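Undergrad:
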Amino acid sequence: MRTFLARHWYAYAMALPVVVVVGVLVLLPLAQGLYFTFTDINEANIANPALERRASYEFVGLDNYVKVLTRGESYGAFWSTLARTLIWTSGCVLAHYCLGLGLALLLNRPMRFRGLYRVLLILPWAVPPFISVFAWRYLFNSQFGVVNQALDGLGLPTPVWLGQSDLALLSVMVINIWLGVPFMMVTLLGGLQSIPGELYEAAEMDGATAWQRFRDVTLPGLRSVSSTLVLLGVIWTFNLFHVIFLTTGQNPHTRILVTYAFERFFSGGTRDYAVASTYGALILSLLLVFVTIYRRATRRQGEVW
Amino acid sequence: MSVDAAALRSARGETRAAPTAARRGQRSRLASIGLHGALVTASAVAVFPILWVLVTSFKPDTRAVSPTPRLLDESTVDNYVDVLSGARGDFLAWFGNSVTIAGLSTLVGVFVSATTGYAVSRFRFPGRRGLMLTFLVTQMFPFAVLIVPLHNILLALGLLGQPLGLVLVYCTTTVPFCTLMLREHFDAVPTDIDEAGRVDGLSPFGVFWRLVLPLARPGLAVTAFYSFLTAWGEVAFASAFLSVADDSKTLSVGLQVFVQQNRAEWGHLAAASVLVALPAVVVFYLVQRFLVGGLTGGAVKG
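So the sequence lines, in the order shown, correspond to chains A and B.
Numbering-wise, the first sequence is residues 1 to 305 according to this note's numbering.
Numbering-wise, the second sequence is residues 1001 to 1302 according to this note's numbering.
1. Under 8 Å Cβ to Cβ from Cys1171(B), same chain only, skipping five residues before and after it: list those, please.
2. If we ignore side chains and look at the alpha-carbon of each, how far apart do Gln143(A) and Pro1218(B) end up?
3. With H, G and I counted as helix, E and B as strand and the rest as coil, what does DSSP make of Gly1304(B)?
4. Going by the CB atoms, is the gap between Gly100(A) and Arg255(A) shorter than 9 Å?
5. Spell out a yes or no on whether the region 1172-1189 of chain B and the region 1267-1277 of chain B are touching, meaning 3 or more CB-CB pairs, one atom from each, closer than 8 Å.
6. From the beta carbon of His1151(B), is the nearest beta carbon of chain A less than 9 Å away?
7. Given that a residue counts as buried once 16 or more other Cβ atoms are within 10 Å of its Cβ, and exposed if not, what is Thr1179(B)?
8. Between Gln1288(B) and chain A, is any beta-carbon pair separated by less than 9 Å?
9. Let me know if Asp1192(B) comes out buried or exposed under the rule of 16 or more other beta-carbons within 10 Å of its beta-carbon.
10. Using CA atoms only, rank isn't needed, just tell me which of Leu123(A), Thr81(A), Leu232(A), Leu28(A) is closest to Tyr1285(B).
11. I want to see whether chain A comes within less than 9 Å of Gly1219(B), judged by CB atoms only; does it?
12. Report all residues from its chain with a CB closer than 7 Å to the CB of Phe1095(B); omit the five preceding and five following residues, and keep chain order.
13. Name the DSSP beta bridge partners of Gly1161(B), please?
14. Would Ser132(A) pass as an interface residue toward chain B - the criterion being a Cβ-Cβ separation below 9 Å?
15. Using CA atoms only, rank isn't needed, just tell me which of Tyr97(A), Gly155(A), Arg114(A) is closest to Ser227(A).
16. Is the Cβ of Gln149(A) closer than 9 Å to any Cβ of chain B?
17. So Tyr279(A) contacts chain B; which residues on that side make the cut at Cβ distance below 7 Å?
18. Going by Cα to Cα distance, which pick from Val1167(B), Ser1239(B), Ala1271(B) is closest to Val1099(B)?
19. Buried or exposed, going by whether 16 or more other CB atoms sit within 10 Å of the CB of Ala15(A)?
20. Could you confirm whether any beta carbon from chain A is found closer than 9 Å to the beta carbon of Ile1033(B)?
21. Would you kindly work out how many angstroms separate the C-alpha atoms of Gly1158(B) and Ile1147(B), rounded to a whole number?
22. Can you have a look at Leu179(A) and say buried or exposed, based on whether 16 or more other CB atoms are within 10 angstroms of its CB?
23. Below 7 Å on C-beta distance, what does Leu139(A) contact in chain B?
24. Could you have a look at Asn148(A) and say whether DSSP puts it in helix, strand or coil?
25. Give a yes or no on contact between the region 200-217 of chain A and the region 273-286 of chain A, applying the rule of three or more CB pairs nearer than 8 Å.
26. Among Ser165(A), Ile175(A), Phe38(A), which one has its Cα closest to the Cα of Ala95(A)?
27. Do you know offhand how far Gly249(A)'s Cα is from Val127(A)'s?
28. Between the Cα of Leu27(A) and those of Asn1079(B), Ala1114(B), Gln1139(B), spot the shortest distance and give me the residue it belongs to.
29. Would you tell me roughly how many angstroms separate the C-alpha atoms of Asp1194(B) and Leu1211(B), rounded to the nearest one?
30. Give me whichever residues DSSP pairs with Thr39(A) in a beta bridge.
31. What do you get for Ala1087(B), buried or exposed, if any count of 16 or more other CB atoms within 10 angstroms of its CB means buried?
32. Does chain A have any CB closer than 9 Å to the CB of Glu1184(B)?
33. Residues in the same chain with beta-carbon distance under 7 Å from Phe36(A), minus the five sequence neighbours each way, listed in chain order, please.
34. Buried or exposed for Ala1022(B), going by 16 or more other Cβ atoms inside 10 Å?
35. Quick check on Phe1284(B) - is its C-beta less than 9 Å from some C-beta in chain A?
36. How many angstroms separate the CA atom of Trp1266(B) from the CA atom of Leu1155(B)?
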């Protein structure tokens, strides 16, 4: 024991601050949050020192989970919200990846104005996201928005983009895709530039067509960075809150799991903390399952992680 | 010149079967038109929304919602004057709050996580893998699972509605994230330097403080910048935990009041947006080259 401490003393001392912070601010609250999912905690029975009120919530077992999974609309219509979340996540990540890869491939060629294109294309990443979301809300406005002005000019119908229909989901997805492509593009460009040029030359010598070179050299060369990007993209998009919240607020047509959790936590009279926590726990378990499967699948393909 | 070279290379691959000079020339021009066409279109899509905010920021609110938008429409700098003078909400207070909260979160995040990033990078100690895994897993925490307990803690500490409370909350994301990023940057500093320091009689902490930390300064800057941006743009916790008083809001919450149900001050919102975005964009372009490597690198190596 003594030699053990003597050997690792410095390491533990240096790791201590983060361990304390993560323990107190992340793991402890996590445990508490998971416990709350088995109680009926809400704004009326939470401990509030300012009002000199003690906590009076009670243990209710799996009640919250049963309600969320079976009660439908009054508890956020879990299954259809989950389906919408999956559409939102897969649509956004797929578009991010494909557009990002396409632009990275274009930018990876030597040509004139390359630096300028790069600077312009990463602008959506540079602007604080809540600013861009307001800009898009302005563009998508049904009466004075430029999008509808352009459609009108072309003689096309001018729908209400951010209203009570599935068009709202499409709109927030467009906004989020616009926001996320630059990051994918820049990262994939870095990946492309790390593929050795000799591989392309060798493929060309063997008479490979452009498509074959893309499929057999570029894609395998990008596999490692791609698998990380897709994993991160799915986690981020699944949990992405601000785009939907700032664009359409509590519109049920753009409701995904995290925005509903926030609605339950924060909306007016019904601050149901237990249901909000239950949604949080369900989101976390879904993501953990996804990450486990994903890592197993990528590892089978010979990936390091 | 370089355009032709690129197009030539791609054309060579495609026309290998019948490489006549005339066809190759034609293709290269077509390919280069296609290439630049695609990039110009994409750039236009990327820039237009931001450009339009800039255009709108000079219009009066009544012209900003005109059904026939024009580039210039009674444009003045009145919106900027109003926003800065606080005539439409306490913009300068929001700005100050955002700077304070994001700045403090960054400071705490980088300061607390630097030693741990170094320990994880250099020492092989029992529990190291578990620690790294915890940092990774916290990256996928939905805020929804922490928002109630954190609300509870802030309530108990009397920090609900206080900027300091929000700083504590942001540490839940910045500390694990900064540790991952910094570890990556410490990995890039050769271990020979540590050994040389030890040979010269420095303690492990001395090596970290006097040798490695100064060498990793660019990494520290990038990490700081990134966590600053994260806190700067955060919406959910800021909306939930700050008090409703106008002068306690951050920018991401405050700007929402310009366009609520009975208020649609798009011109003023646009002007405020430009004021918020401009410094962010400038700094972003200065450091963006360093952002990408650290970001994916930190995530890849668990």
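Built from N, CA and C at the ideal position, the CB exists for glycine as well.
Since we're looking at a predicted model, the values are computed, not measured.
TA: Answer, in terms of the structure:
1. Within the second sequence, numbered from 1, the residue matching residue 1171(B) stands at position 171. Ser1105, Val1108, Gly1109, Val1112, listed in sequence order.
2. Within the first sequence, numbered from 1, the residue matching residue 143(A) stands at position 143. Within the second sequence, numbered from 1, the residue matching residue 1218(B) stands at position 218. Each residue's Cα considered, the two are about 48 Å apart.
3. With chain B running from 1001 to 1302 in the structure shown, residue 1304(B) is simply not present.
4. In the first sequence, the residue the question calls residue 255(A) occupies position 255. In the first sequence, the residue the question calls residue 100(A) occupies position 100. Taking 9 Å as the Cβ cut-off, Arg255(A) and Gly100(A) do not qualify as a contacting pair.
5. no
6. Locating residue 1151(B) in the second sequence gives position 151, where the first residue counts as 1. It does: the Cβ of His1151(B) has a partner Cβ on chain A nearer than 9 Å.
7. Reading the second sequence from its first residue, position 179 is the one you call residue 1179(B). Counting Cβ neighbours within 10 Å, Thr1179(B) comes out buried, since at least 16 surround it.
8. To locate residue 1288(B), count along the second sequence from 1; it is residue 288. Yes, because at least one Cβ of chain A sits closer than 9 Å to the Cβ of Gln1288(B).
9. Here residue 1192(B) refers to the residue found at position 192 of the second sequence. Of the other Cβ atoms in all chains shown, fewer than 16 fall within 10 Å of the Cβ of Asp1192(B); this residue is therefore exposed.
10. Working through the second sequence from its first residue, we reach residue 1285(B) at position 285. With distances taken between Cα atoms, Tyr1285(B) lies closest to Leu123(A).
11. Taking the second sequence and counting its residues from 1, one reaches residue 1219(B) at position 219. It does not; no Cβ of chain A falls within 9 Å.
12. Mapped onto the second sequence, residue 1095(B) falls at position 95. Result list for Phe1095(B): Leu1251, in chain order.
13. Counted from its first residue, the second sequence places residue 1161(B) at position 161. In DSSP, Gly1161(B) forms a bridge with Leu1242(B).
14. Numbered from 1 along the first sequence, position 132 holds the residue referred to as residue 132(A). By this cut-off, Ser132(A) is an interface position.
15. Position 227 of the first sequence, counted from the first residue, corresponds to residue 227(A). Comparing Cα-Cα distances from Ser227(A) to each of Tyr97(A), Gly155(A), Arg114(A), the minimum goes to Tyr97(A).
16. Numbered from its first residue, the first sequence carries residue 149(A) at position 149. Interface residue, yes.
17. Taking the first sequence and counting its residues from 1, one reaches residue 279(A) at position 279. Per Cβ cutoff of 7 Å: Ala1144.
18. Residue 1099(B) sits at position 99 when you count from the first residue of the second sequence. Minimum Cα distance to Val1099(B) is reached at Val1167(B).
19. One-based indexing of the first sequence puts residue 15(A) at position 15. Using a 10 angstroms sphere on the CB of Ala15(A), the tally of other CB atoms reaches 16 or more, which defines it as buried.
20. If you number the second sequence from 1, residue 1033(B) lands on position 33. No, no contact with chain A.
21. Within the second sequence, the letter at position 158 stands for residue 1158(B). Within the second sequence, the letter at position 147 stands for residue 1147(B). Rounded to whole angstroms, Gly1158(B) to Ile1147(B) spans 16 Å at the Cα level.
22. Working through the first sequence from its first residue, we reach residue 179(A) at position 179. The residue is buried, with at least 16 neighbouring Cβ atoms inside 10 Å.
23. The sequence position of residue 139(A) within the first sequence is 139, counting from 1. Simply Pro1049, Trp1052.
24. By 1-based counting over the first sequence, the position of residue 148(A) is 148. In this structure, Asn148(A) counts as helix in the three-state DSSP scheme.
25. no
26. Taking the first sequence and counting its residues from 1, one reaches residue 95(A) at position 95. Here the closest residue by C-alpha is Ile175(A).
27. Position 249 of the first sequence, counting from 1, holds the residue named residue 249(A). Position 127 of the first sequence, counting from 1, holds the residue named residue 127(A). Whole-angstrom Cα-Cα distance: 21 Å.
28. Reading the first sequence from its first residue, position 27 is the one you call residue 27(A). Considering only alpha carbons, the answer is Gln1139(B).
29. The residue given as residue 1194(B) occupies position 194 in the second sequence. The residue given as residue 1211(B) occupies position 211 in the second sequence. Roughly 8 Å between the two C-alpha positions.
30. Reading the first sequence from its first residue, position 39 is the one you call residue 39(A). Its beta-bridge partners are Phe59(A).
31. Counted from its first residue, the second sequence places residue 1087(B) at position 87. With fewer than 16 Cβ atoms within 10 Å of its Cβ, Ala1087(B) is classed as exposed.
32. As a first step, residue 1184(B) must be located in the second sequence, where it is residue number 184. With 9 Å as the cut-off, Glu1184(B) does not count as an interface residue toward chain A.
33. By 1-based counting over the first sequence, the position of residue 36(A) is 36. Result list for Phe36(A): Tyr273, Ala274, Ser277, in chain order.
34. Looking up residue 1022(B) in the second sequence gives position 22. The predicted model places Ala1022(B) with a pLDDT of 40, which falls under 50 and marks its position as unreliable, so this point remains unresolved.
35. Position 284 of the second sequence, counted from the start, is the residue given in the question as residue 1284(B). With 9 Å as the cut-off, Phe1284(B) counts as an interface residue toward chain A.
36. Taking the second sequence and counting its residues from 1, the one referred to as residue 1266(B) is at position 266. Taking the second sequence and counting its residues from 1, the one referred to as residue 1155(B) is at position 155. So the alpha carbons of these two residues sit roughly 36 Å apart.
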